[in-house]
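Worksheet: one structure, shown below.
Number of protein chains: 2
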Amino acid sequence: MEYRNMTRGELETLLAEEKEKYAALKSAGLTLDMSRGVPGRDQLDLSQEMLSILVTPEDCAGEDGRDYRSYGLPDGTPEAKRMFSYLTGAPAENIIVCGNSSLNVMFDTVARNMLLGVSKDSEPWSRQGNIKFLCPVPGYDRHFSICETFGIEMINIPMTTEGPDMDAVEAAVRDPLVKGIWCVPKYSNPDGITYSDETVKRFAALKPAAPDFRIFWDNAYIVHDLYDEGDKLLDIFAECEKYGSTDMVYMFVSTSKITFPGAGVAAIIASRSNVEYIKSVMAMQTICHDKLNQLRHAKFLSSRDKILEHMKKHAALLRPKFKTVCDTLERELGGTGVAEWNTPRGGYFISLNVCDGCAKKVYSLMEELGIKLTPAGATFPYRRDPRDRNLRIAPTYPPIEELKKAVDALCVCVKIACIEKILAEK
Amino acid sequence: MEYRNMTRGELETLLAEEKEKYAALKSAGLTLDMSRGVPGRDQLDLSQEMLSILVTPEDCAGEDGRDYRSYGLPDGTPEAKRMFSYLTGAPAENIIVCGNSSLNVMFDTVARNMLLGVSKDSEPWSRQGNIKFLCPVPGYDRHFSICETFGIEMINIPMTTEGPDMDAVEAAVRDPLVKGIWCVPKYSNPDGITYSDETVKRFAALKPAAPDFRIFWDNAYIVHDLYDEGDKLLDIFAECEKYGSTDMVYMFVSTSKITFPGAGVAAIIASRSNVEYIKSVMAMQTICHDKLNQLRHAKFLSSRDKILEHMKKHAALLRPKFKTVCDTLERELGGTGVAEWNTPRGGYFISLNVCDGCAKKVYSLMEELGIKLTPAGATFPYRRDPRDRNLRIAPTYPPIEELKKAVDALCVCVKIACIEKILAEK
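So the sequence lines, in the order shown, correspond to chains A and B.
Going by the working numbering, the first sequence opens with residue 2, and the numbers climb by one from there.
Going by the working numbering, the second sequence opens with residue 2, and the numbers climb by one from there.
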């Protein structure tokens with residue numbers, strides 16, 4: 002029965018029960034963490050053999066005999082480019098292989114555009130006044146932090162089940178100060194939504210007023226399917242070809258959640274002219290990225306099949322965790338009308354919407370229990386969730402027994418916060 | 002006998018002899034490279050065992066049990082900080098350990114100061130008009146490239162045998178638009194000069210007009226001695242303590258020429274307040290740098306003694322190369338009055354000054370022989386050597402037999418260029 006249809010008496014009884022459970026949980030002294038999208042230890046072990054691939058000096062040579070222990074190849078090794086081709090379908094000449102962090106590549110891309118512009122002849126963003134980025138919400142907090150760091154104004158764009166509201170995007174890009182949009186197009190963070198073909202096509206067809214508008218296509222979960230039949234995301238570059246708009250897109254990928262989050266390899270995929278420009282600046286920034294780690298990865302993930310086979314092992318470890326969360330939410334909160342959530346088919350998160358005005362309360366109730374969630378509001382620019390309802394659940398890191406405890410507790414907290422809200426409004 | 006004191010006839014005879022040698026060299030079809038400061042393969046092999054240090058999941062844990070395969074510790078692992086303490090003498094809290102490239106750290110430091118300022122409350126450099134950097138010359142081309150990329154005006158400061166001309170530095174920093182200076186204080190690139198105690202003290206005592214003036218102390222060759230008794234460089238931070246000027250200095254170091262140039266670890270050393278600020282921005286830039294590579298290095302270079310012992314092995318391989326170059330220069334060009342060079346006690350370069358107006362000519366003569374030198378002019382901002390006389394010799398990469406051939410050829414080219422110059426002026 003929906004809580005809103007219950008009588009005050011019924012709600013008060015229910016609240017008392019939940020508060021009793023809460024007190025018990027509190028005395029249990031939990032320390033659990035569901036705050037960040039971090040792979041479990043069992044997932045990290047899947048890539049352990051990668052650390053034994055490079056041993057002898059001969060192991061450290063590239064296919065053309067070049068010694069990868071030494072300087073050179075600032076845009077990456079041919080082997081690593083091929084690996085990212087397997088991953089993305091992009092040709093090697095559109096790929097620049099970087100260091101271990103795609104976030105770093107994104108930060109550098111914004112910084113470069115701020116200081117030097119999107120191309121050789123382009124005005125730096127920082128000299129164009131109060132520039133703006135579009136932020137589909139809820140979204141990834143670290144994208145928003147980059148904008149905040151550089152003083153770029155953020156405009157919320159609502160997410161739909163098909164991706165960002167494209168009517169809103171198309172309207173917003175009529176403003177020439179709008180210079181970019183953050184997208185996680187497959188298994189979006191946190192909603193787990195994969196952009197529909199229609200959405201991708203409309204992105205490719207965008208006609209922004211700013212010639213230096215850029216789509217930041219953070220394809221973080223490109224092969225991170227939970228099921229054999231993964232979501233299908235249209236190749237945005239292929240669509241852009243039809244409109245001559247390939248310069249408008251930067252794609253970012255990494256192996257952080259394929260091999261090791263702390264020691265993976267990241268890449269940026271872009272049009273030939275964007276790649277040439279980025280390489281020209283990058284050549285001033287560094288002599289090379291870590292080519293041994295690139296080679297280690299390329300030897301470990303040596304074909305498209307190897308990558309997909311490896312990702313199936315991750316999926317086997319992650320599916321039960323996602324199932325635990327969704328089953329518990331359904332059992333405890335299904336039909337109550339105080340919570341909605343997605344059941345993603347990939348990615349790293351479950352997005353939970355509770356009653357308006359209750360997310361912060363749930364977060365602090367959980368915090369008091371010793372359970373860390375991503376802070377309420379974090380999925381919105383400036384940490385301001387206008388409806389204070391969204392919570393991001395990251396189920397991947399805790400072992401399943403701990404996860405069960407954490408989600409049970411979460412349901413108790415949601416009930417308490419929402420029943421109190423309903424009672425206050427009655 | 003000095004060439005300038007020879008008769009026209011004597012010079013013409015000598016020139017004809019050298020041209021004959023040149024023709025013979027040309028027909029030999031050489032392909033040699035003395036252009037960049039790259040370690041030889043034998044040097045890279047010295048660190049090979051580092052690649053077998055991390056194998057099991059347990060190997061990948063930090064001293065507190067943290068799994069370094071995963072996210073976290075954006076400012077570096079405690080083990081790697083300790084390693085850089087052994088290397089620099091700086092306390093761990095003044096150290097931020099980064100990715101594989103100190104050049105990248107320097108680039109990012111300039112970019113951060115351009116966009117966000119040197120501190121939270123500081124005006125970004127990019128909003129202060131036509132800012133300037135001081136460049137001791139000859140110097141490191143990649144420092145100059147960073148300034149050029151960001152449109153920072155460069156002012157030449159002459160090098161003396163004690164380091165940069167401090168009278169000139171002290172005069173220049175009276176201009177509030179002067180925001181920085183590039184220094185390679187030990188075994189400078191390319192002169193191999195170690196700054197005297199007096200020079201370091203005067204740096205520490207600087208009173209620049211700009212409160213956001215910064216010394217970029219690129220300590221690239223901090224332990225890169227060729228002899229057991231290395232040059233001694235005063236600790237600039239200790240000197241700065243006396244003047245309350247520690248915020249004025251960023252020190253950069255890396256293991257590029259200790260372990261692997263393409264897969265080392267770099268760090269920035271700075272005052273507590275600079276470190277806090279840099280960390281606050283870096284936390285927006287990346288979730289972490291490659292901690293496995295940090296751990297590999299920290300386990301391999303596990304004490305000050307281990308580092309010094311390792312560097313002695315490098316020195317043993319490099320000493321004969323430097324000796325070959327200096328002996329040949331002395332034998333062929335000693336007493337001719339057309340060339341001066343240093344005999345460095347460490348670092349990666351020999352700096353050769355030929356007759357004014359002859360460096361480019363020597364470079365192109367060498368190029369025609371198939372021998373790559375660092376381009377003439379590269380050791381000066383904007384690639385403009387006002388006297389066109391400086392050439393940077395990088396003797397570390399070629400095997401010694403090749404190096405001998407290359408330096409023999411170099412002497413022939415220097416003689417041809419300089420004799421022709423003297424004849425033209427007679």
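All C-beta atoms in this analysis are idealised placements derived from N, C-alpha and C, irrespective of residue type, glycine included.
Reference residue i, options the options, closest by Cα
i             : options                    : result
residue 392/A : 427/A, 398/A, 82/A, 340/A  : 340/A
residue 36/B  : 204/B, 294/B, 142/B, 62/B  : 142/B
residue 148/A : 125/A, 107/A, 119/A        : 107/A
residue 343/B : 190/B, 418/B, 404/B, 386/B : 190/B
residue 255/B : 417/B, 102/B, 3/B          : 102/B
residue 305/A : 60/A, 188/A, 85/A          : 85/A
residue 414/A : 77/A, 363/A, 154/A         : 363/A
residue 137/B : 394/B, 184/B, 146/B        : 184/B
residue 223/A : 201/A, 186/A, 197/A, 81/A  : 186/A
residue 348/A : 30/A, 199/A, 221/A, 28/A   : 221/A
residue 388/A : 159/A, 77/A, 124/A         : 159/A
residue 76/A  : 262/A, 270/A, 312/A, 356/A : 270/A
residue 312/B : 260/B, 140/B, 331/B, 360/B : 260/B
residue 166/A : 365/A, 199/A, 193/A        : 199/A
residue 268/A : 81/A, 151/A, 426/A, 71/A   : 81/A
residue 24/A  : 361/A, 367/A, 378/A        : 367/A
residue 404/A : 322/A, 425/A, 170/A        : 322/A
residue 182/B : 234/B, 128/B, 140/B, 236/B : 140/B
CB contact flag (residue i, residue j, <8 angstroms)
i             : j             : result
residue 238/B : residue 410/B : no
residue 5/B   : residue 423/B : yes
residue 117/B : residue 315/B : no
residue 276/B : residue 105/B : no
residue 122/B : residue 45/A  : no
residue 214/B : residue 251/B : no
residue 329/A : residue 412/A : yes
residue 292/A : residue 263/B : yes
residue 390/B : residue 360/B : yes
residue 326/A : residue 295/A : no
residue 346/A : residue 192/A : no
residue 100/A : residue 100/B : yes
residue 58/A  : residue 49/B  : yes
Bridge partner(s) assigned by DSSP for residue i
i             : result
residue 223/A : Bridge partners of residue 223/A: none, in fact.
residue 261/A : DSSP output for residue 261/A lists no bridge partner at all.
residue 391/B : 354/B
residue 374/A : 35/A
residue 126/B : DSSP, once it has assigned bridges, lists no residue as partnering residue 126/B.
residue 268/A : 98/A, 254/A
residue 133/A : 154/A, 179/A
residue 359/A : DSSP output for residue 359/A lists no bridge partner at all.
residue 161/B : 164/B
residue 62/A  : 68/A
residue 215/A : 181/A
residue 340/B : 355/B
residue 138/A : 159/A
Closer than 7 angstroms, Cβ to Cβ, to anything on chain B: give me those residues from the stretch 282 to 297 of chain A, in chain order.
282, 285, 286, 287, 288, 289, 290, 291, 292, 293, 294
Inter-stretch contact at 8 angstroms, needing at least 3 Cβ pairs: the stretch 372 to 381 of chain A / the stretch 275 to 295 of chain A:
No contact exists between the stretch 372 to 381 of chain A and the stretch 275 to 295 of chain A.
Below 9 angstroms between beta carbons is the criterion; list the residues of the stretch 60 to 86 of chain A that meet it against any residue of chain B, in chain order.
60, 61, 68, 69, 70, 71, 72, 73, 74
Taking 8 angstroms as the cut-off, does the stretch 15 to 23 of chain A touch the stretch 228 to 237 of chain A (at least 3 CB pairs, one atom from each stretch)?
Short answer: they don't touch.
So does the stretch 202 to 209 of chain A actually touch the stretch 246 to 254 of chain A, counting three or more Cβ pairs closer than 8 angstroms?
yes
Contact between the stretch 393 to 400 of chain B and the stretch 33 to 53 of chain B: three or more CB pairs below 8 angstroms?
They touch, by the three-pair rule.
If you pair each beta-carbon of the stretch 300 to 318 of chain B with each one of the stretch 108 to 121 of chain A, do three or more pairs fall below 8 angstroms?
no
Check whether the stretch 207 to 219 of chain A touches the stretch 166 to 179 of chain A, counting contact only when three or more Cβ pairs, one atom from each stretch, lie closer than 8 angstroms.
yes
When you check each C-beta in the stretch 256 to 282 of chain B against every C-beta of chain A, which residues fall closer than 7 angstroms?
The stretch 256 to 282 of chain B vs chain A, Cβ under 7 angstroms: 261, 262, 263, 264, 282.
Give, in chain order, every residue of the stretch 97 to 115 of chain A whose Cβ lies closer than 7 angstroms to some Cβ of chain B.
100, 101, 102, 104, 105, 108, 112, 115
What residues in the stretch 132 to 157 of chain A bring their beta carbon closer than 7 angstroms to a beta carbon of chain B?
Flagged, chain order: 146, 147, 150, 151.
Would you check if the stretch 122 to 135 of chain B and the stretch 311 to 327 of chain A touch, i.e. whether three or more CB-CB distances between them fall below 8 angstroms?
No, they do not touch.
Give the residues from the stretch 13 to 36 of chain B that approach chain A closer than 8 angstroms (Cβ to any Cβ), ordered along the chain.
none
At a CB distance below 7 angstroms, what residues from the stretch 43 to 54 of chain A approach chain B? Give them in sequence order.
45, 46, 49, 52, 53
Check distances from the C-beta atoms of the stretch 114 to 128 of chain B to those of chain A and list, in chain order, the residues that come in under 9 angstroms.
Hits within the stretch, in order: 115, 116, 117, 125, 127, 128.
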